[in-house]
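Asker: Residue numbers (the working numbering): 1093 to 1678.
C-beta atoms are modelled at their ideal positions from N, C-alpha and C, and glycine is treated no differently.
No experiment lies behind these values; they were computed from the predicted model shown.
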């Protein structure tokens, strides 16, 4: 019996693996569509993989290794039916910022690959541990406004960084401003290679036109094929245009990244940033495509899938990966039904490396730069920034600050700034929440904000105050100061009723502040009253023994009940705003 139960548990465990489950539930009718989609997807995966590898400061071949392994890893462990992972334009600068400073002294490409592979392994470890700890919510650490600013800064960084390759020269600079100045200086000195500029700028124009006018045609593939043809027709190599050259033949061996112990600390910083951006990209893309197919997004399992994809890439000379919205959209448009589409793409790329590694040897480097530049343009969201300015300028300023952080300080520093700004914005809202005085408006039930209704009636001697946040350590003194200000306005109130329905918590710091506040108000002849406190919050107040100072009779189930009690005690009548009614005695 024990053996049978163990066997059942093992079988259940295997079926819980997404790849195994996908095989057991696969429908034969999906096969032709998955095969076709896999072939079409491959035409996009190859040039983008090579281009994004160079964006990360790595040899183009590593982009193909990474693409193969991450597709296979996600097919086994990823829960999404059609999500496509791979090298990504948003991660390339982050990888370069993490790896290149560590190889600057000797410029050894093998060391750069080893560092990038270790970076992928570290990202995988972070993702898998976060999945086990169910930390999928960390993707929310970057708010949309700060993400827009970060991506705008990233787009500008990529664009400036690719201009030298696009125009046929090189620039030695550490920061965006230096790089932009270097580009201008080189152009002024006549360093532009005309043939390279023609290929690069022509490639950008061709991709953008085809994507706009003929979206179903693989624009990147068309551009790559024409660029290779132009190399043969016009001898671009002899005209000063750098070519990709012969790719290594065969499949990469299993390799444990060989890095120094001193490299791990700086790599870990980059790994955390990459993991955060990758998680945000994956969750957002998975959610968008799951909504179209009726699937549910399982955030923690997505993290495990992305972790497996990064681990597979890192152990075979690859670098960190993320979900790709553009490649997933291509797979969806061409009829993909399952992760077999990605498996087909991986198999075709591996076959190319085994049989025809010289297929892309005549591909001009400016053509790869054109692929990266067009990808960077898709990262930018200028209309989103304009919309933020129109709708909420404070959040637009946060977005611009994140943009400036990336542009002026660097990509890794930019993601740190984006996260910090998002968290600080949350604290800002909790620190200074919206609060207002309420009054009675004729023709409307209940009590309403006097800022929206300046003519609202009020009861002499009574202030109705609404506080739209939990009472916590960050805002308790702000609450105290506002209540004291209201208590000392003319005519002086005798009751301040807090409409506490939005108050979802009171922590111990706020409890101490409330106790001191109530004692101060009582000394001035003012009573602090609460209405509509939620039961869990009321229980906390009793646990804190606040009812020793705050009269238990000063807690009311509704604002109306508090108003009625005040009127019964004082005989006050509603007066229009600014009325000269005298304050009744309690």
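State yes or no: is the C-beta of residue 1504 nearer than 6 angstroms to some heavy atom of the ligand FAD?
Answerer: Summarising the ligand content, the structure contains no ligands, and the ligand FAD is consequently not present.
Asker: Out of curiosity, what's the CA-to-CA distance linking residue 1374 and residue 1459?
Answerer: So the alpha carbons of these two residues sit roughly 28 angstroms apart.
Asker: Taking DSSP as the reference, what is the three-state secondary structure of residue 1541?
Answerer: Residue 1541 falls in the strand class under three-state DSSP.
Asker: Residue 1631 to residue 1545, Cα distance in whole Å?
Answerer: Their Cα atoms are separated by approximately 34 angstroms.
Asker: Rounded to a whole number of angstroms, what is the C-alpha to C-alpha distance between residue 1104 and residue 1112?
Answerer: The predicted position of residue 1104 is uncertain, since its pLDDT is 49 and thus under 50; a value taken from the coordinates is nonetheless stated next. When rounded, the distance between both Cα atoms is 11 angstroms.
Asker: If you drop the 5 nearest sequence neighbours on each side, which residues of the same chain put their C-beta closer than 6 angstroms to that of residue 1334?
Answerer: Closer than 6 angstroms at Cβ, skipping near neighbours: 1457.
Asker: Could you say which of 1266, 1241, 1282 and 1663 lies nearest to residue 1471 if we only look at CA atoms?
Answerer: Checked all of 1266, 1241, 1282 and 1663; the closest Cα to residue 1471 is 1241.
Asker: When you compare the CB positions of residue 1206 and residue 1349, do they come within less than 7 angstroms of one another, or not?
Answerer: Taking 7 angstroms as the Cβ cut-off, residue 1206 and residue 1349 qualify as a contacting pair.
Asker: Would DSSP call residue 1378 helix, strand or coil?
Answerer: Correct three-state label for residue 1378: helix.
Asker: My understanding is that residue 1378 touches residue 1552, with C-beta atoms under 8 angstroms, so please give their C-beta distance in whole angstroms.
Answerer: Not really, about 58 angstroms apart at Cβ, beyond 8 angstroms.
Asker: Output yes or no for whether 7 angstroms exceeds the beta carbon distance between residue 1493 and residue 1245.
Answerer: In this structure, residue 1245 does not lie closer than 7 angstroms to residue 1493 by Cβ.
Asker: For the putative contact between residue 1137 and residue 1178, defined by C-beta atoms under 8 angstroms, what is the C-beta separation to the nearest angstrom?
Answerer: The Cβ separation is near 6 angstroms, so the contact holds.
Asker: Within 8 angstroms, do at least three Cβ pairs link the stretch 1479–1497 to the stretch 1252–1268?
Answerer: Contact fails: fewer than three Cβ-Cβ distances are below 8 angstroms.
Asker: Tell me the DSSP secondary structure of residue 1408 in three-state form.
Answerer: Here residue 1408 sits in coil by DSSP.
Asker: Tell me the residue span of the beta strand (DSSP E) that contains residue 1621.
Answerer: Run containing residue 1621: 1619–1623, per the beta strand (DSSP E) assignment.
Asker: Considering only the beta carbon of each residue, do residue 1328 and residue 1287 sit closer than 7 angstroms?
Answerer: Result yes, Cβ atoms of residue 1328 and residue 1287 sit closer than 7 angstroms.
Asker: Measuring CB to CB, does residue 1514 end up less than 7 angstroms from residue 1249?
Answerer: No, these two residues do not count as a Cβ contact at 7 angstroms.
Asker: Using beta-carbon positions only, say whether residue 1408 and residue 1212 come within less than 7 angstroms of one another.
Answerer: It is not a contact, given that the beta carbons lie outside the stated cut-off.
Asker: Using 10 angstroms around the beta-carbon of residue 1587, count the other beta-carbons present and answer buried if the total reaches 16, otherwise exposed.
Answerer: Buried, because 16 or more other Cβ atoms sit within 10 Å of the Cβ of residue 1587.
Asker: What does a CB cutoff of less than 6 angstroms around residue 1235 pick up in its chain, not counting 5 residues either side in sequence?
Answerer: 1514, listed in sequence order.
Asker: Tell me, which residues are paired with residue 1557 by DSSP?
Answerer: 1529 and 1590.
Asker: Between residue 1607 and residue 1570, is the Cβ-Cβ spacing less than 7 angstroms?
Answerer: Not a contact, by the Cβ cut-off of 7 angstroms.
Asker: What does a CB cutoff of less than 6 angstroms around residue 1223 pick up in its chain, not counting 5 residues either side in sequence?
Answerer: These residues qualify, in order along the chain: 1392, 1395 and 1396.
Asker: Rounded to a whole number of angstroms, what is the C-alpha to C-alpha distance between residue 1347 and residue 1325?
Answerer: Taking the straight line joining both Cα atoms gives about 40 angstroms.
Asker: Out of 1220, 1180, 1401 and 1626, state which residue places its alpha-carbon closest to the alpha-carbon of residue 1247.
Answerer: Ranking the options by Cα distance to residue 1247, first place goes to 1180.
Asker: Do you know whose CA, among 1648, 1609, 1615 and 1621, lies nearest residue 1627's CA?
Answerer: Ranking the options by Cα distance to residue 1627, first place goes to 1648.
Asker: Express the C-alpha separation of residue 1554 and residue 1542 in angstroms, rounding to a whole number.
Answerer: When rounded, the distance between both Cα atoms is 14 angstroms.
Asker: Please specify which runs of the alpha helix (DSSP H), each continuous and at least 4 residues long, are wholly inside the stretch 1163–1211, giving them in chain order.
Answerer: Correct list: 1184–1195.
Asker: Entirely within the stretch 1412–1438 and at least 4 residues each: give me those alpha helix (DSSP H) ranges in chain order.
Answerer: DSSP runs (the alpha helix (DSSP H)) wholly in the stretch 1412–1438: 1417–1425.
Asker: Can you tell me whether residue 1429 is buried or exposed, with buried defined as 16 or more other CB within 10 angstroms of its CB?
Answerer: Its Cβ being crowded by 16 or more others within 10 Å, residue 1429 is buried.
Asker: Nearest to residue 1436 by alpha carbon, out of 1127, 1114 and 1116?
Answerer: The candidate whose alpha carbon is nearest that of residue 1436 is 1127.
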